Structure formats: structure tokens, C-alpha cells
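Below: one structure, written as C-alpha cells.
In the working numbering, the protein residues as written are 28 to 248.
Laid out in C-alpha cells, this is it:
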């Protein structure tokens with residue numbers, strides 16, 4: 028065995044794996060909003076070092092899924108309705124700007140990528156899976172952000188989108204009309220292809236804010 032010359036697994040790679048598992052657990056609701064994340068307990072469950080847990084929690088905090096309090100520890104973020112509204116308002120403004128840039132940068136390859144996401148949205152199995160539905164919705168908007176090429180906008184948007192994805196998953200009925208949402212995304216793509224930047228920006232802003240009010244309505248029930 029000594030002659031295999033295997034390279035040791037870097038701590039950063041291990042931390043990335045831990046981060047991925049914890050992130051998935053938060054978004055899927057396995058780790059509940061407000062739940063205390065203890066290094067010792069998580070390290071024992073995942074069979075990794077506390078250093079790997081600490082680094083993963085730091086990444087989650089940077090992404091806005093966890094809040095770390097001095098002398099109290101780390102907790103899964105618990106967003107209020109005011110938090111959600113502010114996030115959506117900022118997201119709407121960023122996506123409005125991004126879609127105007129995306130119109131200019133749209134290529135046949137990007138169109139194909141967006142069409143593929145929409146086709147996945149229409150699959151019955153995906154419609155029934157809340158986590159997949161949420162991911163596809165996020166992926167469509169993320170692709171538009173990527174097409175825009177606005178680096179700082181993408182960074183801010185990514186942080187907000189992870190928080191929103193976590194909330195959406197907890198609202199079991201939010202995606203009950205997912206085929207309709209898929210149709211809306213097709214409409215958005217059609218407007219992008221038309222090349223009307225103003226129409227596209229107004230459309231995306233309206234859609235995001237309608238989603239915000241719809242989500243808040245569900246949370247109030």
C-alpha cells in the first residue's frame with residue numbers, strides 16, 4: 028500500500044464536502060431555522076474534524092445561511108417577513124439590471140441552456156419534487172445572471188438566492204402550480220430572444236416582486 032503514492036485529501040476539499048452537506052440540509056429543512064449548530068455534534072455525525080465543520084460554518088455564514096454570534100455559536104438563519112421582502116426587492120433590482128445586460132450577451136448556446144432548464148421544469152417527476160423545483164427555478168435566474176457578466180451583481184444575487192431557496196422549500200404548496208411557472212419562464216426567454224431590453228427588465232422585475240408577495244401570502248397562512 029505504501030507504493031501507491033496517493034496524495035492526502037486537502038482540508039479545503041473536506042470542508043467543501045461538509046459545506047455541501049450542511050447547505051443541502053439547511054435548504055431542505057433537515058436543519059431547521061434557528062437550530063443551533065454545534066461543532067462537536069456535527070463532527071461526530073459527519074465523522075470529520077471540528078476544523079472542517081468550523082470552515083464549513085464560516086462559508087455558510089458568508090453565504091447568509093447561518094449566523095454566528097459571539098460566545099453563543101452558530102445558528103441556522105431564521106428570516107422574518109421583513110427580511111424576505113427586502114431580499115426580494117434587492118433581487119428584483121439586480122435582476123432588472125442583469126437582464127438588460129443579458130439581452131446584449133445572449134447567444135444560441137445560452138438560449139439552448141435556458142430552454143433545457145425549462146424542459147426539465149415540465150417533467151412530472153420534477154414538478155412533484157419541491158427541492159428540484161426550487162433548484163430549477165433558481166438555476167434559470169442564475170443563468171440569466173451569468174449571461175449578464177456582472178460579477179458583483181452575481182455575488183450578491185447568489186447569497187440572496189440561497190436564502191430564498193431555503194424559505195421556498197419550507198412552503199410545501201408554493202410550487203403547486205409549477206407548470207404555470209415553467210410557462211412564465213418560457214415567456215421570459217421569448218422576450219430575451221426578441222432583444223427588447225426594456226420589456227425584458229420590466230417583465231423580470233414584475234415577476235420577482237409578484238413572487239415575493241405570493242410567498243409572503245403563503246407564509247401568513
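Glycine included, every Cβ here is placed at the ideal spot set by N, Cα and C. This structure is a prediction, so every number in the text was calculated from the model and none was measured.
(request) Pick helix, strand or coil for residue 179, following the three-state DSSP scheme. (result) Residue 179: helix per DSSP, three-state reduction.
(message) Give me the residue from 232, 44, 89, 78 with the minimum Cα distance to residue 186.
(response) Ranked by Cα distance from residue 186, the first of 232, 44, 89, 78 is 89.
(request) May I ask which residues mark the beginning and end of the alpha helix (DSSP H) holding residue 225? (result) For residue 225, the enclosing alpha helix (DSSP H) stretches over residues 224 to 247.
(request) Measure the alpha-carbon distance for residue 227 versus residue 124 and round it to whole angstroms. (result) Spanning the two alpha carbons is a distance of roughly 10 Å.
(message) Does residue 50 pass the burial test, meaning 16 or more other C-beta atoms within 10 Å, or should it be called exposed?
(response) The residue in question, residue 50, is buried, as its Cβ has 16 or more Cβ neighbours within 10 Å.
(request) Might you give, ordered along the chain, the residues of its own chain that have their beta carbon closer than 7 Å to the beta carbon of residue 147, omitting 5 neighbours on each side? (result) Here the set comprises 153, 163.
(request) List in chain order: all unbroken beta strand (DSSP E) runs of 3+ residues lying wholly within the region 88 to 143. (result) Correct list: 93 to 96, 100 to 103.
(message) Helix, strand or coil, according to DSSP, for residue 58 in the structure here?
(response) The answer is coil: DSSP assigns residue 58 none of H, G, I, E or B.
(request) Report all residues from its chain with a CB closer than 8 Å to the CB of residue 108; omit the five preceding and five following residues, and keep chain order. (result) Cβ within range, chain order: 243, 246, 247.
(message) Could you check whether the region 48 to 65 touches the region 89 to 103, counting it as contact only if at least three pairs of C-beta atoms, one from each stretch, sit closer than 8 Å?
(response) With a cut-off of 8 Å, the region 89 to 103 and the region 48 to 65 count as touching, because enough Cβ pairs lie within range.
(message) Among 115, 67, 101, whose alpha-carbon lies nearest the alpha-carbon of residue 190?
(response) The option with the nearest alpha carbon to residue 190 is 115.
(request) Kindly list the residues whose CB is nearer than 7 Å to the CB of residue 73, restricted to its own chain and excluding five residues on each side of it in sequence; keep chain order. (result) Only 45, 48 meet the Cβ criterion.
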